[in-house]
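One structure below.
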Amino acid sequence: MRAVENADGVSGLEAECEIDLHFYNSCTTGEKRLYSYYRHRGRAHKMGQFLNNKEPYDKYRTVKNGPYFVDKSEILEELIPALQQEQRFFCITRPRRFGKTIMANMIAAFFENTEEESLFDDLYISRYKHYKEQAGRHDVIYIDFSEMPRGCRNYQEYILRIQDGLIRDIEEAYPELEIKSDAAVWDILSHVFDKTGDKFVFVMDEWDAVFHMSFITEQDRENFLLFLKLLLKGKSYVELAYMTGVLPIAKYSEKAVHRSIRSAPAWCPVREPALHIISIHKKEGKQHGK
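Under numbering that gives the first Met the number 0, the first residue of the sequence shown carries the number 0, and numbering increases by one thereafter.
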């Protein structure tokens, strides 16, 4: 990495060379944030277990390429204006088998900063005036809370998989920063924001899965809600948070653990997107919609 002059003679940073930590640390805040800009424009962050994970993109592409596909991308018109707003926290509660995971994958695939081509150029959201500005331009932290480590026996092992995985992803994505691996993940993300100005879109599927695990105690549930609060509430690094689950989070946050989250439909009326594409028959080359 080396300092360069742009066309206006303003000092900036170019991220094409190897990172020099001493040089980076000597830069001004503005130069560091310009470096962050070049990182996003020049290449995507490394794919991680949770940060910019490629699985949501791949899973949504598989659904889209299937013989029958429903375009629900209109919901993105509800989420995009909430980016970096105070009311940017959404919890969508629906019964099982109502397509919550597909929606979560769609949202992550839309925002995620990857090198893949957009899956949305032929979908409803492509008509949105800010489509090009938002598609594939964000760092996404995607967590499926129904997953657990092999042979998981207690809450500590369960939550450490998530925390340690996030910290490892951040260390790999930001080698120029001094990351203390023993620090809390929310402190590390705050450190990243302070140094680079980077923010993250959080997509969390099955937030309440832990409530149904046999080894989880009542104290574990309270600890988990506290984990969510410390990770999300009042954090500048949260650009948007979208959560899915069967249980309404409002019911389990009566002690003000998570009142920053708007739950739909109980707390926030997020419109059910219209079904713009009912089916696509690829073999016949026919498309039916309304």
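Where is the CB? At the ideal position from N, CA and C, for every residue including glycine.
Here the structure is a predicted model, which is why all the values come from computation and not from measurement.
Based on the DSSP output, what are the partners of residue i in its beta bridges?
i, result
"residue 139", "200"
"residue 242", "90, 203"
"residue 115", "Answer is none; residue 115 lacks a bridge partner."
"residue 237", "199"
"residue 50", "140"
Do the CB positions of residue i and residue j come within less than 8 Å of each other?
i, j, result
"residue 124", "residue 73", "yes"
"residue 205", "residue 109", "no"
"residue 139", "residue 199", "yes"
"residue 184", "residue 230", "yes"
"residue 226", "residue 158", "yes"
"residue 239", "residue 82", "yes"
"residue 129", "residue 112", "no"
"residue 243", "residue 71", "no"
"residue 92", "residue 209", "no"
"residue 52", "residue 173", "no"
"residue 214", "residue 160", "no"
Between the Cα of residue i and those of the options, spot the shortest distance and give me the residue it belongs to.
i, options, result
"residue 211", "168, 154, 225", "154"
"residue 290", "172, 134, 160", "Residue 290 cannot be examined here, being either before or after the span of the chain that is shown, 0 to 289."
"residue 118", "56, 244, 181, 50", "56"
"residue 182", "166, 146, 175, 101", "166"
"residue 49", "146, 228, 180", "146"
"residue 61", "87, 91, 131, 104", "104"
"residue 122", "156, 75, 148", "75"
"residue 106", "177, 216, 54", "54"
"residue 59", "79, 102, 85", "102"
"residue 46", "196, 171, 221, 197", "171"
"residue 163", "220, 179, 87", "179"
"residue 196", "176, 207, 241", "176"
"residue 241", "97, 68, 79", "79"
"residue 97", "85, 87, 69, 84", "69"
"residue 63", "120, 224, 148", "120"
"residue 156", "223, 228, 65", "223"
"residue 186", "228, 221, 150, 66", "228"
- Task: Evaluate the contact criterion for the stretch 181-195 versus the stretch 233-241: three or more CB pairs, one atom per stretch, below 8 Å.
- Result: yes
- Message: List, from N- to C-terminal side, the beta strand (DSSP E) runs of 3 residues or more that fit wholly inside the stretch 127-197.
- Response: 138-143
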